[in-house]
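Residue numbers (mature numbering (1 follows the signal peptide of the UniProt record, and there is no 0)): -19 to -1, 1 to 299.
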């Protein structure tokens, strides 16, 4: 595949010689989407960006921001219509002078940023994602809302509203965490009112075939779960597991997998669906895990990935 001029210029500026077959050795750009209450210029996010470039030199890193400054970006993690926010990100990436000319991109999502990047893959995927890695993301929704810091009034205000008519149009169009709230005990209300999660999980009767097609085309979909997560309830939502009362249903035993609503079964069959866990609470990410992510799933455009067979990992239980 020939690279267009802006992307080629980036590679040359990064010090790559593209004579012969060196194009395949050039790392793909990396898009990062941070989580609830974080900002694009947060110290942790910036450190991750630096690590990506250090492990795969020449990596162009783009951090998603939904505001002109850090305060606006943080506010958008609590307040906003996720569908509209995702449309904004889709347009921004599709028109970006470097990302739009890349043969593909890699993606890294932290907490809610993970299921938003999955929504990007399903709804637009232009430029297309090769490897999607999520940390502590609420892929199957949450049944409780996070606790806020004693002086975090933005968070407290959002959480107070979230408990009022959660599936009503007012809340679903304005409060971000409500749009991935999913209570099996109130499933009908969720299906009817959910502005975001019910759609990207293809849970309604009418399925969007493009969602499944795009997920199945990923080279890797890696889901990291935090074994002691007390922020995301239930924690196993990070692996698409269903929790209903005391019953825990692993992804591979769920109807959504068996009927392949999202292309996860097809991706799994080719060895691209990968389950990982980290000891610790929410977002207590180890350096080892980040190094593994950058080394194993990102990097050169021409690299190949070892398929992961379902039998190699017993991911039904944590």
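For glycine and all other residues, C-beta sits at the position ideal for the given N, C-alpha and C.
These numbers come from a predicted model, not from an experiment.
Relative to residue 89, the option among 277, 249, 13 whose CA is nearest is 13.
Assigned with DSSP and collapsed to three states, residue 223 falls in strand. Less than 9 Å divides the Cβ of residue 23 from the Cβ of residue 51. Under the three-state reduction of DSSP output, residue 199 falls in the coil class, being neither helix nor strand.
Residue state for residue 124 is assigned as coil, using DSSP reduced to three classes. Look at residue 99 here: in three-state DSSP terms it is helix.
Residue 25: member of the alpha helix (DSSP H) spanning 24 to 36, first to last residue. Going by beta carbons, residue 95 and residue 66 fall outside the 9 Å limit. In the same chain as residue 241, and ignoring 5 residues on each side of it, the C-beta atoms closer than 7 Å to its own belong to 193, 247, in chain order. Rounded to the nearest whole angstrom, the C-alpha separation of residue 165 and residue 37 is 42 Å. Shown here, residue 168 sits in a helix according to DSSP, grouped into three states. Assigned with DSSP and collapsed to three states, residue 266 falls in coil, not helix or strand. The straight-line gap separating the alpha-carbon atoms of residue 157 and residue 148 is approximately 12 Å. As DSSP reads the structure, residue 257 sits in a beta bridge with 205.
Pairing residue 104 with residue 232, the inter-Cα distance amounts to about 22 Å. Residue state for residue 213 is assigned as coil, using DSSP reduced to three classes.
For residue 156, there is no enclosing alpha helix (DSSP H), as DSSP marks it with neither H nor E.
Per DSSP, reduced to three states, the secondary structure at residue 186 is coil, with no helix or strand assignment.
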